[in-house]
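For the record, the sequence lines run as chains P and W.
Using the working numbering, read the first sequence as starting at 2 and increasing by one per residue.
Using the working numbering, read the second sequence as starting at 25 and increasing by one per residue.
From the three backbone atoms N, C-alpha and C, an ideal C-beta is built for every residue, glycine too.
First the structure, in the form of structure tokens, and then the observations on it.
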Amino acid sequence: MKKRLKKSSKANENSRQSDRLRFSFFPGCSLKASGHENTLSLLKFCDSVNIELKELEDWNCCGSSSAHSVDRDVAEKLPMRNISLAPKGIPLMIACPSCLIRIKSMYLKIKGDETLKQEYEDLWGKPFDEDLEIIHFFEILNRVRIDDYIDRPKEKLKKLKVAPYYGCMLSMPPDLRFEKSYYGIMEKTLATLGADLISFGYGSRCCGTYLSVAKPQIAQKVVNEIISRAMEAGAECMVTACSMCHLNLEIRCSLENPIPILHFSELLSMALGAEDQKKWFPRHIVDPVPLLKKRGLLIS
Amino acid sequence: MITLDNEQDAFADEIKTRSGINFSACLHCQSCANGCPFLEGMDYAPNAVLRLIQLGLEETALKCSTIWICVGCNTCSSYCPMAIDISAVMDELRHKAIEKGIKIAEPDVLNFHNEVLNTVKKYGRTHKLEIMMRYKLKKMDLFSDMGVGLKMLKKRKLDLTPSKVQDEKAIEKIFKGK
Chain P
2 MKKRLKKSSK ANENSRQSDR LRFSFFPGCS LKASGHENTL SLLKFCDSVN IELKELEDWN
62 CCGSSSAHSV DRDVAEKLPM RNISLAPKGI PLMIACPSCL IRIKSMYLKI KGDETLKQEY
122 EDLWGKPFDE DLEIIHFFEI LNRVRIDDYI DRPKEKLKKL KVAPYYGCML SMPPDLRFEK
182 SYYGIMEKTL ATLGADLISF GYGSRCCGTY LSVAKPQIAQ KVVNEIISRA MEAGAECMVT
242 ACSMCHLNLE IRCSLENPIP ILHFSELLSM ALGAEDQKKW FPRHIVDPVP LLKKRGLLIS
Chain W
25 MITLDNEQDA FADEIKTRSG INFSACLHCQ SCANGCPFLE GMDYAPNAVL RLIQLGLEET
85 ALKCSTIWIC VGCNTCSSYC PMAIDISAVM DELRHKAIEK GIKIAEPDVL NFHNEVLNTV
145 KKYGRTHKLE IMMRYKLKKM DLFSDMGVGL KMLKKRKLDL TPSKVQDEKA IEKIFKGK
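So, in structure tokens, the structure goes:
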């Protein structure tokens with residue numbers, strides 16, 4: 002294993018450069034603002050596994066829940082513009098499950114509708130890219146073998162009892178029901194890294210999204226239910242796929258001594274040897290540092 | 025037996041056409057209701073809302089709280105044995121309620137959506153702090169839930185300045201006439 006690691010990290014730079022995967026990257030508002038620690042660890046992770054990300058230039062909000070709730074026209078045009086900005090020939094990678102649904106479902110809708118395609122071309126003054134590949138961040142784990150980049154991967158999250166939480170957007174959108182499902186990929190990856198996986202039956206339960214603002218008491222109940230189920234099942238931390246879920250699980254939990262909630266990108270990045278956790282973890286409401294130290298996964 | 029007059033049929037037909045969803049396939053097995061995480065906050069279960077439309081009870085359907093409490097998490101559609109995209113129907117009912125100027129059962133939810141879209145119109149991206157402040161101002165309720173706001177500020181989860189799109193013309197084009 003050591004040999005392979007040496008070979009991959011010290012391999013001549015030329016071959017590394019040519020192996021480098023390139024994606025354009027749509028961060029979305031949640032990652033860009035409240036979830037900085039998600040973005041930082043995600044960028045770090047991609048760099049560690051030889052992926053080059055180029056932020057989609059001048060991207061706009063995908064419309065989120067609000068646009069499709071109250072204004073169909075705006076809900077269609079916001080993702081349209083993002084699609085029109087995507088450079089040709091490289092996949093567009095989206096890390097937020099909600100942005101992924103909005104942008105990818107709009108893309109598929111245009112692809113199957115000639116009138117809409119014409120409207121798109123009139124609006125943005127360029128031909129619709131029939132071959133644009135839109136992927137979720139998790140797709141990286143299908144394209145890269147992370148254990149190739151890690152010496153003794155099983156030690157990295159050894160015995161950490163983690164409950165993977167996908168939220169609703171990755172598991173259930175009817176618009177994407179014929180697209181690849183990413184359910185199970187966190188379990189597979191975390192198992193590679195030696196974590197103990199906790200199954201708790203609430204992994205795709207909705208976090209309450211904007212009800213956290215408009216109906217806080219409803220969101221609080223849902224959040225407490227999700228976290229307490231994970232705790233009852235023996236989890237000592239949860240890992241989320243979505244920055245917005247992460248925010249809700251943190252701010253709306255009113256349980257006593259709740260477990261820390263980590264972004265999946267943080268655990269991945271840690272396993273790959275990132276050392277800038279000091280920029281991420283202070284942004285968490287429930288500090289994950291004591292737990293990670295107790296498990297010997299974090300030294301300083 | 026329930027017979028529908030033409031006007032009632034027209035409402036069901038309109039929602040069906042606009043959403044593209046055939047909710048007549050609903051068996052009323054209530055799988056959606058059993059799965060919905062937010063059922064307690066609703067006045068009608070999701071399948072009951074479909075029933076209101078089937079029966080042509082337009083006003084009741086557009087006035088109900090369910091259409092605003094539903095966040096579109098799609099738990100219902102994934103549980104539905106007939107694979108009905110119930111969230112898409114809810115979207116349509118919300119649009120229709122706004123169009124018709126119906127009294128909104130959950131004004132806070134609509135207020136929130138409007139504030140989100142306000143910041144997107146202004147900056148091209150959402151700005152959480154402004155959304156929260158304006159939402160609270162409109163509600164004339166600045167102080168409830170302060171703890172959470174302060175916690176978010178302390179943990180730097182609310183950026184003070186908005187992140188903006190450079191191409192303002194493009195955003196204007198998207199919001200043209202709004």
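Item to complete: Specify whether the segment 34 to 46 of chain P and the segment 262 to 274 of chain P touch according to this definition: at least 3 beta carbon pairs, one from each stretch, less than 8 Å apart.
Response: yes
Worksheet item: Sorted by chain position, which residues of the same chain lie with C-beta nearer than 7 Å to L117(P)'s C-beta, five sequence neighbours on each side aside?
Response: K110, I111
Worksheet item: Would you report the Cα separation of D165(W) and L182(W), rounded to the nearest angstrom?
Response: 19 Å
Worksheet item: What three-state label does DSSP hand D67(W) in the structure shown?
Response: coil
Discussion item. Are the CB atoms of S85(P) and W60(P) within a distance shorter than 8 Å?
Written reply: no
Worksheet item: So P165(P) is in the beta strand (DSSP E); what residue range does that whole segment cover?
Response: 162 to 166
Worksheet item: Which residue or residues does DSSP assign as beta-bridge partners of T241(P)?
Response: Y166(P), H264(P)
Worksheet entry | Through-space distance from K159(P) to N71(W), alpha-carbon basis | 46 Å
Worksheet item: Taking E123(W) as the reference, which of Y121(P), R73(P), L101(P), A87(P) has the closest Cα?
Response: R73(P)
Discussion item. Using only the alpha-carbon positions, how far apart do C63(P) and E115(P) sit?
Written reply: 22 Å
Worksheet item: When you compare each of Y159(W), D37(W), N58(W) to P105(W) by their alpha carbons, which one comes out closest?
Response: N58(W)
Worksheet item: Do the CB positions of L79(P) and I135(P) come within less than 8 Å of each other?
Response: no
Item to complete: Give the straight-line distance between the Cα atoms of D33(W) and K40(W), rounded to the nearest whole angstrom.
Response: 11 Å
Worksheet entry | Short-range partners of chain P found in the segment 57 to 71 of chain W, where Cβ spacing is below 8 Å | P61, F62, E64, G65
Practice prompt. Identify which residue in R153(P), L22(P), K157(P), P28(P) has its Cα closest to the Cα of I300(P).
Written response: K157(P)
Practice prompt. Report the neighbours of K175(W) on chain P: residues whose CB is nearer than 9 Å to its CB, in chain order.
Written response: E251, I252, I286
Worksheet item: Excluding five sequence neighbours on each side, which residues of the same chain lie with their C-beta closer than 7 Å to the C-beta of I219(P)?
Response: G209, L212
Worksheet item: What's the C-alpha gap between P217(P) and G90(P)?
Response: 44 Å
Fill in: Assigned secondary structure, M81(P) (DSSP; H/G/I helix, E/B strand, else coil)
helix
Worksheet item: In or out: D277(P) buried (at least 16 other Cβ within 10 Å) or exposed?
Response: exposed
Worksheet item: In chain order, what residues of the segment 75 to 109 of chain P put their CB closer than 7 Å to some CB of chain W?
Response: V75, K78, L79, R82
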